[in-house]
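Single-structure report; data block below.
Protein chains: 4
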Amino acid sequence: MDFASDNTAGASQTILEAILAANKGSVPAYGADPYSAKASELLAQVFEREIACFLVATGTASNALALASLCPPWGGVFCHQEAHVMEDECGAPEMFTAGAKLIGIPGPAGKIAPQDLRAALAAFPAGVVKQVQPAALSLSQTTEAGTLYTYAEIEALTSIAHEAGLSVHMDGARFANALVALQCTPAEMSWKAGVDVLSFGATKNGTLACEAVIFFDKAKAANFPFQRKRSGHTFSKGRFLGAQMVAYLEHGHWLSLAKTANAHALRLAEGLAKVDGVRFAWPRQANEIFVILPGRIDARLREAGALYYDWSSKSFAPGVSPPGPDEVFVRLVTSFATESADVERFITVAQAASG
Amino acid sequence: MDFASDNTAGASQTILEAILAANKGSVPAYGADPYSAKASELLAQVFEREIACFLVATGTASNALALASLCPPWGGVFCHQEAHVMEDECGAPEMFTAGAKLIGIPGPAGKIAPQDLRAALAAFPAGVVKQVQPAALSLSQTTEAGTLYTYAEIEALTSIAHEAGLSVHMDGARFANALVALQCTPAEMSWKAGVDVLSFGATKNGTLACEAVIFFDKAKAANFPFQRKRSGHTFSKGRFLGAQMVAYLEHGHWLSLAKTANAHALRLAEGLAKVDGVRFAWPRQANEIFVILPGRIDARLREAGALYYDWSSKSFAPGVSPPGPDEVFVRLVTSFATESADVERFITVAQAASG
Amino acid sequence: MDFASDNTAGASQTILEAILAANKGSVPAYGADPYSAKASELLAQVFEREIACFLVATGTASNALALASLCPPWGGVFCHQEAHVMEDECGAPEMFTAGAKLIGIPGPAGKIAPQDLRAALAAFPAGVVKQVQPAALSLSQTTEAGTLYTYAEIEALTSIAHEAGLSVHMDGARFANALVALQCTPAEMSWKAGVDVLSFGATKNGTLACEAVIFFDKAKAANFPFQRKRSGHTFSKGRFLGAQMVAYLEHGHWLSLAKTANAHALRLAEGLAKVDGVRFAWPRQANEIFVILPGRIDARLREAGALYYDWSSKSFAPGVSPPGPDEVFVRLVTSFATESADVERFITVAQAASG
Amino acid sequence: MDFASDNTAGASQTILEAILAANKGSVPAYGADPYSAKASELLAQVFEREIACFLVATGTASNALALASLCPPWGGVFCHQEAHVMEDECGAPEMFTAGAKLIGIPGPAGKIAPQDLRAALAAFPAGVVKQVQPAALSLSQTTEAGTLYTYAEIEALTSIAHEAGLSVHMDGARFANALVALQCTPAEMSWKAGVDVLSFGATKNGTLACEAVIFFDKAKAANFPFQRKRSGHTFSKGRFLGAQMVAYLEHGHWLSLAKTANAHALRLAEGLAKVDGVRFAWPRQANEIFVILPGRIDARLREAGALYYDWSSKSFAPGVSPPGPDEVFVRLVTSFATESADVERFITVAQAASG
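Protein chains in written order, with the numbering used here: chain A, 12 to 366; chain B, 12 to 366; chain C, 12 to 366; chain D, 12 to 366.
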């Protein structure tokens, strides 16, 4: 019953087998191999346009490199105050941008509201020398609260950003989970809605270690190869990144994996919704569930071996009262590798504990 | 006939199978898994002492993180003027150290001589505020010229460095190839000879993407986890790095791989030594051969499909005349995956061309 | 009627004359001159203990260098969310620390409350690798709201910080104004209350361009000379910094200057308090006044040639309603060079406009 | 007899008086004052074209900020291997550029020869990802050897640089001394010869602390205000920088000061040339003399109270034998403040010691 994260899972067997299949003969190093070329081709198809894309092994690298391509050292990146780039990367964006500032915007359920973005931008008029210069907006899809921006919501935010001269980054660590939940196309959830650079996550959804940074405006990618190299993120045996991404994308494998993960979360959420005393911090939308558990249920679940993290947030929606003294706020994550039996058992234990 | 690099090869089948075998169930993320623990244990055994070690995916990350743990932003790292950290990492050490300076020391055959290290240090007396402060010595084993430092040579250099208050880093991208060539122990080639931090390379010798940064003085490693995280080099699915390193080390697999690579290089060198007009820039010692080829031989080899890089160097030994107008200076690299038939064919073509 | 800032004033004539007097003969460069030595001696006397101190020319340099000596690149600096280091230095602390993160704490009247510091620290438990590591607390005295921490308040905050392993920096850009307002000793307002490193401002209070970074723990200053040099803040003709600081401190000149500035602010505040419709955002405590003016009064003052800045803040105290649609929120600053006639005229114009 | 440096002198009395004269009333802060505006206007006149210029207080700031505007973090700056930016700024260019690499080019008498620049550039072909990207050439005028580039020499180097896509910076810490020695115009010695950005030094030639960074292509200056601010080099009381520069330039004061300094050096060099055993490392061209003194003469001079620095160099011209065991290599610098009596006495002591 491991619901701690979608990265406590291993990798999709299909993807690992693709790695083995790629282990033949010699091919050029540093990404000049046919597997990486094929990955680029597939990503261009998936996103229905010409792109510049780069494979890296971690989400932190993907985000930090993307932001460094959009924001100078004296710039500011606007993001939700609980965004992963803000809170969970030990200052990677600051390192890669050589000292830019992340400016946190509050908002319920992990989401930035248009009026709050406008207010934040108003505090940073361009050209005021004493302040960092507004350079980029970073949106997380799914958000840190497991919630989703609709197409219209993304479009509203990117329009505001573009009008103010900012570029837009999307942290898509769980892009696939969002996509299958929203039932839109990759293009709609990214460049058609105004995203300039996308961290296209894959590791949480089944690769061993592979993510793509995708530039919809190729001109913005000109310096990326140098930044990737000097940050140590250019793999010598690039074929193994390429092979992962190819297997991830071919035959809609990535979408299947995400649908599985989301389906487990749906079932788990539905089950927990019927348990007395369990409250949802936000509605479940993809593969993460944020619930406030009565202490007794939490205790029984842990005794039964369930794994998950305690959580905290400043993003409770109006109307949701924060966890009380006898409650525990937790995050539950499902993945492609979650087993249905674990989901059912979790619900059963919770149900029993509430009795 | 691909002798371009030891990273145009794939990975050892044994290691890839270990990755598949590790793909079971859920384990804690970010390196807190049993595979990574086992890797640490094996590395401690291999090096015969307590260590602090960290797995990363690329050699550039390994070197840059190691140097950043030894050298402050206002510090200087002494290295051979043609070292990989100096010339081939697009400024990674500068990025990770936040702007330290690499100070190149000349020397024949890619090696630093004790008197040249002393002279370089003499130009940076500690405490002179206008200069960067001497902080570390970085040695490459094997060197960029494919040559080796003996135990005594390493010890002589590390003693000078330590006396001057510097820490010593070894770039062991081809540590295994050096080790089997010198027939000494890992401990002798590192901490017993005075090395403080080792970039223990494995990717060029058969892993998919896995290197270890090894601290022999654990105190120096205190901040490494934060630096690794913020540079995006902490893998979420750390088990797959752990599994690679375990398979690499178990049953002496790493030594077998390196012996194979070196044996191919030996055979190739012996064959080329008999070809009229072929001159060796330096003696072959591990798995790299640096030869000056008559233009005609070079042309025939390339026609026959041989792959290798043109090279250049400021490190020709006294007595070796640099390439003439009808000569081409090239590097040939063998790996665990090199095929004997390719070696023989290369020699045959060269021989025929010289006739 | 220039109340825009205390840096629109020139310098104290006494201090400029000291610069001229120091212009005799040749003396060693880079701070090894007798004037700088004398400045160090006087600062040690003023602070009643052994110190390590360094002269620089700007407050931004002083703060950024101080923070860089306390906080590693992977560290976090806690400060008020409207602190100068947070909002007004275009990312200088981020540049000098090589990418550390500033963590803003809200609080009324520009001040951090102990419980809010505790809450902020609780969100950054030491050793959590994904987060920046808590490294320093930076307090501003006077605050950005022109208010003051009492000795007890400083001591409460520094105790919490020290218990959590943080060092404490004080941004004393208006240290003298605070000191004469609180009627305590420099030692009490700094190291006796737990401050480790002080940005001892002097430029706003009468020097041409001279500030001191003062380390009460000399060990923390070991690397400062290198950081100062590589950031371009080591003056070659150091005598002119030394001479300014000596003249600033001798005969209590600095205290006289600050008393004058504060007295003007007191008179201005008293005058405005009697004007109908003028509201104080916070009580005046030193040489800055933050008032909410009826639009009509603001208009008349500007017509009459008064200079001052519009202001904005998230720090309104409970009980103070934010500026309404017909009100303007402004900051008025007095200095040693303010003329009483301007103060009186400002009050008269405001009074007349309110009639 | 202080010949240690041109920064052991004080400032020109004329310039200090201008500072006092500027101490009237209140003016806008941060460089928006009339003195700074006047300085810009005069600099534009002096350089006979539209420029963007910025005043800072130190030469290190000036150089590092200029280079940071021309070179990205993954770039390389080509300079003489003994250039001030390379050896004497404790890594300031690396800090300000966020980790760019300085690439030293050898050359006799502190000068870069065209063929050596070509060779250095050939080793950094654009687009090779593993290497830093060639971004800028930095020339020192006068050089670290006190020598001068002629117009034709500058033009030859800047042409090579521009063809290769590099921008050109000139470190003009002793620009005035070079100018009066070459008897050309400021425009000829800078933009007419292909210089893009100039560090226009003034401190060594008589200001208290004031230098100008001058962009001949204003577009390159767009981000300079932010870089200057975040590095702490924007003075609040900017009028005092402006006043210095105005007084420096008005009535040709700067040229008079430099002529005086150079004349002292000429007299000193002529005097020493007649002393038996004194050898010149390079010909004197501006206000610095590099001589190899017999040990006995050196000893007598020091006994007599003469101050100067021991020197070392890798730039001895062919034909000049390096200092022997009984010789001392030293640098002598004159300034506007040097006294003729000291020059004569120095010659007399040397003469007597040689007898």
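Every residue gets a Cβ at the ideal spot worked out from N, C-alpha and C, and that includes glycine.
Counting only C-beta atoms, is residue 106 of chain C closer than 7 Å to chain A at any point? Chain A contact via Cβ: present.
How would you label residue 80 of chain C, buried or exposed, when you count the other beta carbons within 10 angstroms and need 16 or more for buried? It is buried - the Cβ of residue 80 of chain C has at least 16 other Cβ atoms within 10 Å.
Per-residue contacts from residue 144 of chain B into chain C (C-beta, under 8 Å): Against chain C, a Cβ distance below 8 Å from residue 144 of chain B picks out 237.
Are residue 149 of chain A and residue 173 of chain A close, meaning C-beta to C-beta below 7 Å? No.
Residues that residue 340 of chain D bridges to, as DSSP identifies them: Per DSSP, D:303.
In three-state terms, what does DSSP make of residue 183 of chain D? For residue 183 of chain D, the three-state secondary structure derived from DSSP is strand.
Determine the DSSP secondary structure at residue 112 of chain A, reduced to helix, strand or coil. Looking at residue 112 of chain A - three-state DSSP - the assignment turns out to be strand.
Where the beta strand (DSSP E) containing residue 142 of chain D begins and where it ends: According to the DSSP assignment, residue 142 of chain D belongs to no beta strand (DSSP E), since it is labelled neither H nor E.
Could you tell me the distance, in whole angstroms, from the CA atom of residue 310 of chain A to the CA atom of residue 339 of chain A? Going by the C-alpha atoms only, they are around 10 Å apart.
Taking only beta carbons into account, state which residues of the segment 50 to 81 of chain A come closer than 7 Å to chain B, listed in chain order. Going along the segment 50 to 81 of chain A in chain order, one finds 68, 69, 71, 72 and 75 with a Cβ nearer than 7 Å to chain B.
Please compile the residues from chain D whose C-beta is within a distance smaller than 7 Å of the C-beta of residue 224 of chain A. Neighbours of residue 224 of chain A in chain D, taken as residues whose beta carbon is under 7 Å from its own, are absent, since the nearest beta carbon is some 15 Å off.
In DSSP terms, what residue 222 of chain C is bridged to: According to DSSP, residue 222 of chain C bridges with C:67.
So, does the CB of residue 47 of chain C fall closer than 7 Å to a CB anywhere in chain D? With a threshold of 7 Å between beta carbons, residue 47 of chain C makes no contact with chain D.
Chain B contacts made by the segment 99 to 127 of chain C, where a contact means CB separation under 8 Å: Contact residues of the segment 99 to 127 of chain C toward chain B are 109 and 110 (C-beta to C-beta distance below 8 Å).
In the DSSP output, which residue or residues are listed as bridge partners for residue 87 of chain C? Paired residue(s): C:112 and C:145.
Could you give the DSSP three-state label for residue 46 of chain B: helix, strand or coil? In the three-state scheme derived from DSSP, where H, G and I count as helix and E and B as strand, residue 46 of chain B is classed as helix.
Nearer than 6 Å: is that true of the beta carbon of residue 87 of chain A relative to any heavy atom of the ligand GTP? For the ligand GTP, the structure offers nothing, since it holds no ligand at all.
Using a Cβ cut-off of 7 Å (strictly closer), state whether residue 265 of chain D contacts chain B. Chain B contact via Cβ: absent.
Test item: CB-CB of residue 109 of chain B and residue 84 of chain B under 7 Å: Yes; because the gap between Cβ atoms is below 7 Å, this pair is in contact.
Taking residue 99 of chain C and residue 344 of chain C to be in contact with their CB atoms under 8 Å, please state how far apart those CB atoms are, rounded to whole angstroms. The pair is not a contact, with the Cβ atoms about 14 Å apart (cut-off 8 Å).
Look at the Cβ atom of residue 186 of chain B, then the Cβ atom of residue 272 of chain B, and state whether they are nearer than 7 Å. Here residue 186 of chain B is not near residue 272 of chain B, since their CB atoms are 7 Å or more apart.
At a cut of 8 Å, does the segment 313 to 329 of chain B reach the segment 107 to 122 of chain B through at least three beta carbon pairs? Touching, per the Cβ criterion.
In DSSP terms, what residue 208 of chain D is bridged to: D:180 and D:226.
Residue 295 of chain D in three-state terms, based on DSSP: Residue 295 of chain D falls in the coil class under three-state DSSP.
Where residue 160 of chain B sits in the DSSP three-state scheme: Looking at residue 160 of chain B - three-state DSSP - the assignment turns out to be coil, as it is neither helix nor strand.
Below-7 Å beta-carbon distance, residue 330 of chain D vs any chain C residue: For residue 330 of chain D, no Cβ of chain C is located within less than 7 Å of the residue's own Cβ.
What does a CB cutoff of less than 8 Å around residue 48 of chain C pick up in its chain, not counting 5 residues either side in sequence? Take residue 48 of chain C, set aside five residues on each side of it, and the residues of its chain with a beta-carbon closer than 8 Å to its own are 253, in chain order.
What separation, rounded to the nearest whole angstrom, lies between the Cα atoms of residue 241 of chain A and residue 142 of chain D? So the two alpha carbons sit approximately 9 Å from each other.
I need the straight-line Cα distance from residue 35 of chain B to residue 35 of chain A, nearest angstrom please. Spanning the two alpha carbons is a distance of roughly 25 Å.
What is the rounded straight-line gap between the Cα of residue 202 of chain D and the Cα of residue 161 of chain D? In this structure, the alpha-carbon of residue 202 of chain D lies about 14 Å from that of residue 161 of chain D.
Count Cβ pairs between the segment 86 to 95 of chain A and the segment 150 to 157 of chain A that sit closer than 8 Å; are there 3 or more? Yes, they touch.
Chain A residues whose Cβ lies nearer than 8 Å to that of residue 286 of chain D: Ordered by position in chain A, no residue passes the 8 Å Cβ test against residue 286 of chain D, which lies about 52 Å from the chain.
Contact set for residue 270 of chain D: own chain, Cβ-Cβ below 6 Å, skip 5 residues either direction: In chain order, 191 place their CB closer than 6 Å to the CB of residue 270 of chain D, counting only its own chain and leaving out the 5 sequence neighbours on each side.
Nearest-angstrom Cα separation, counted from residue 184 of chain A out to residue 41 of chain B: If I take the Cα positions, the gap works out to 16 Å.
So what's residue 376 of chain B in DSSP terms, helix, strand or just coil? Any property of residue 376 of chain B remains undetermined from this structure, which presents chain B solely from 12 to 366.
Which residues of chain C have a Cβ atom closer than 9 Å to the Cβ of residue 96 of chain A, listed in chain order? What residue 96 of chain A touches in chain C: nothing, since even the nearest Cβ is about 11 Å away.
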